[in-house]
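Take a look at the structure below.
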Amino acid sequence: MHVAASNEPDLRDRRLRSALRRNNLPLARGEDLSPPMRMLTSPWFWALLLMIALQFYCLRAAYFDVVPDRQVPGGMLIGMGTEALKPAATFAAYTVIPLSLLILWADRFRPHNFLVWLVTFGWGGTVAVFVSLRINTWAATLMSVVGDGNPAAAARPAVYIAPFVEEAAKGSVLFLIALFLRYRWVSKLSGIVLAGLSAAAFAFVENIFYYGQAYRAAARTTGAADPEEVLASYFVQRGVLTFFAHPLFTILIGIGLAISLRSKSKVVRIMAPLVGFLGAALLHMLFNGTVSMGFPPQVLLILLLAVAYPMVIALVVFIVKQLFAERTLIRSRLTDYARMGWLPESDAHWVSRLTTRVRVLWQALWEGRPISTWRMQRTLTELAYLRDAMARGLVDDAGLVREKQLLLRARRLRERAIVEPRPKTSYPWQRLRARKTETWAPPAYPGPAGLAGSYPALPVGQPSQAGYSAPQGVPLGSGATTYSPVDPRWKPPSP
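Using UniProt numbering, the letters of the sequence shown correspond one by one to residues 1 to 495.
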């Protein structure tokens with residue numbers, strides 16, 4: 001089953017290029033260029049370099065704001081200290097590594113590019129931290145002056161300022177991705193993963209600051225507990241019991257943006273991100289307020305078990321339901337192409353199953369075709385989501401151009417990719433063993449191997465490959481060997 005057209009659309013047409021840009025569809029240009037030239041001519045490469053430079057600047061500025069001791073008007077501002085940086089970062093990594101892997105696990109059907117993940121994670125750990133640190137410090141200074149030294153004023157920035165500032169800083173990268181890469185934002189899972197990565201990176205750097213300050217305070221205080229014990233205690237509180245806090249808040253922004261991008265209603269497009277942001281800030285405010293009110297540890301544990309953990313469980317259930325919903329969407333949209341005769345009917349079944357996709361990739365790895373198989377899966381998945389966007393009215397007739405490109409690419413990849421799983425995985429050592437078996441000599445008559453044959457005898461009257469046949473009456477088995485009579489007069493020749 002093939003596509004009727006054989007040539008891809010001419011992307012040199014200015015109107016066609018404008019229509020693709022209007023719908024945020026990829027131009028698919030530069031495929032005839034070498035990878036280095038394709039990278040250097042891509043505007044996204046230079047945007048990535050600019051983003052990395054910005055993140056390094058913010059990380060350096062945040063480091064000098066928090067880590068070293070600084071001379072300020074009126075005295076010395078004690079930082080967390082360089083000696084506390086390594087143990088604090090180690091304990092913070094114990095949380096962020098498994099949390100990030102768990103978040104990425106949800107991005108299964110249409111995962112973003114690795115560089116998008118990297119930029120999102122870097123933004124949350126550098127730019128969002130830098131902006132939040134500066135604005136929260138400035139707001140805390142103002143509230144301290146207004147409060148005239150009132151100790152209760154110290155909790156005001158954490159409750160009334162930090163939630164809005166931090167959620168806006170973490171979520172700003174989501175709005176940038178939605179603005180420039182909205183075509184790749186295909187489901188609520190996309191928003192959940194990107195928001196979770198930004199929040200996990202933010203929590204990672206924030207935990208380093210908290211762990212480091214507690215470590216150095218214990219080390220500089222006479223008679224205080226061991227710094228390692230203090231660090232372990234803080235790790236249990238922030239890295240184990242409340243590790244979910246920042247991702248849980250920011251994911252609401254990601255879900256709101258996802259709803260906005262997949263809707264035609266202008267009201268929904270405006271209200272969904274706003275409601276998501278306000279919901280994230282409200283949850284953050286309630287969390288900070290609960291911690292700042294000085295409840296006993298037993299009360300805080302009850303609140304976690306009764307309120308926070310059920311919300312986390314509900315989020316996990318929501319993610320699992322979304323995975324099944326995306327599976328149904330891909331199967332139904334690819335079935336549309338199968339009914340038109342442009343794709344085999346089996347594609348809709350196999351590509352929509354996560355376990356089958358992993359199994360096919362595993363088999364392709366051992367057969368030397370993992371890249372083409374992976375590209376085939378991504379092409380068919382993108383085709384399904386493009387069809388869904390066209391059915392929703394999110395993409396106009398320019399989507400037909402991208403649709404044709406994807407169908408042609410799938411036809412080219414089908415020759416060297418694996419779409420359907422094999423009945424059994426073929427490992428290299430099994431193929432080598434099969435080749436060795438095929439090189440063995442076939443049975444031949446007469447005699448054992450090495451003496452004009454490799455088999456003792458044939459059934460009566462059955463010819464061998466060499467043309468011999470067993471005579472009538474020759475028995476099989478050990479009795480098949482007969483000896484000719486010996487002449488008693490025979491002797492060696494005389495000298």
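From the three backbone atoms N, C-alpha and C, an ideal C-beta is built for every residue, glycine too.
Once the 5 residues before and after residue i are set aside, which same chain residues still bring their CB inside 7 Å of it?
i, result
"LEU115", "LEU48"
"TYR234", "TYR210, TYR211 and ALA214"
"PRO98", "none"
"SER6", "A caution first: SER6 carries a pLDDT of 48, below 50, which makes its placement in the model unreliable, though a value can still be read off. Cβ neighbours of SER6 beyond the five flanking positions: none."
"PRO163", "ALA281, HIS284, MET285 and ASN288"
"PRO87", "TYR215 and LEU231"
"TYR160", "none"
Determine the DSSP secondary structure at residue i, reduced to helix, strand or coil.
i, result
"MET340", "coil"
"LEU248", "helix"
"MET76", "strand"
"SER469", "Any reading at SER469 needs caution, since the residue's pLDDT is 46, under 50, leaving its predicted position unreliable; the model's value is listed next. Here SER469 sits in strand by DSSP."
"SER233", "helix"
"ARG416", "coil"
"SER6", "Because SER6 carries a pLDDT of 48, less than 50, the predicted location of this residue cannot be relied on, and the following value inherits that uncertainty. In the structure shown, SER6 sits in coil (DSSP, three-state: anything other than H, G, I, E or B)."
"ARG108", "coil"
"ARG269", "helix"
"ARG422", "coil"
"ARG70", "strand"
"MET293", "coil"
"residue 498", "Because the chain is modelled from 1 through 495, residue 498 falls outside the range shown and cannot be assessed."
"TYR427", "coil"
"ASN24", "coil"
"ASN113", "coil"
"SER372", "helix"
"LYS264", "coil"
Taking just the CA atoms, how far does residue j sit from residue i?
i, j, result
"ARG17", "TRP44", "17 Å"
"GLY368", "ALA308", "47 Å"
"ALA128", "ARG15", "39 Å"
"THR381", "ALA410", "11 Å"
"PHE204", "ALA84", "15 Å"
"VAL474", "GLU420", "Note on VAL474: pLDDT 44, under 50, position unreliable in the model; no value is reported."
"PHE175", "THR290", "29 Å"
"THR82", "ALA201", "20 Å"
"ILE356", "ARG134", "Looking at the sequence itself, residue 356 is Thr, so the reference to Ile does not match. Cα-Cα distance, rounded: 49 Å."
"VAL299", "LEU77", "35 Å"
"SER172", "LEU400", "32 Å"
"MET1", "ARG238", "A caution first: MET1 carries a pLDDT of 43, below 50, which makes its placement in the model unreliable, though a value can still be read off. Computed Cα separation, rounded: 56 Å."
"residue 506", "GLU326", "Past the edges of the chain, shown from 1 to 495, lies residue 506, and the structure says nothing about it."
"PHE295", "LEU301", "10 Å"
"ALA314", "ILE192", "14 Å"
"GLN55", "VAL358", "34 Å"
"MET376", "ALA93", "35 Å"
"LEU59", "GLY341", "54 Å"
"ARG108", "THR221", "49 Å"
Count the other C-beta atoms from every protein chain shown that fall within 10 angstroms of the C-beta of residue i, then say buried if there are 16 or more, exposed otherwise.
i, result
"ASP69", "exposed"
"PRO73", "exposed"
"VAL165", "buried"
"ALA106", "buried"
"GLN71", "exposed"
"PRO428", "exposed"
"GLN363", "buried"
"ALA178", "buried"
"LYS321", "exposed"
"GLU167", "buried"
"ASP347", "buried"
"TRP185", "buried"
"THR250", "buried"
"TYR183", "buried"
"MET80", "buried"
"GLU229", "exposed"
"PHE243", "buried"
Spatial neighbours of residue i within its chain, please: CB distance less than 6 Å, with the 5 preceding and 5 following residues excluded, ordered by chain position.
i, result
"SER260", "ARG269, ALA272 and PRO273"
"GLU345", "ALA338"
"ARG333", "ALA384, ARG387 and ASP388"
Any C-beta of chain B sitting closer than 9 Å to the C-beta of residue i?
i, result
"ILE103", "Included in the structure is just one protein chain, with no chain B present."
Could you give the C-beta distance for residue i and residue j, rounded to a whole number, given that I count them as a contact under 8 Å?
i, j, result
"MET51", "VAL131", "About 15 Å; that fails the 8 Å criterion."
"ARG262", "ARG378", "Their Cβ separation, rounded to whole angstroms, is 20 Å, which puts ARG262 and ARG378 out of contact at 8 Å."
CB-CB under 8 Å to residue i, same chain, minus the five flanking residues each way: which ones, in chain order?
i, result
"PHE64", "ARG70"
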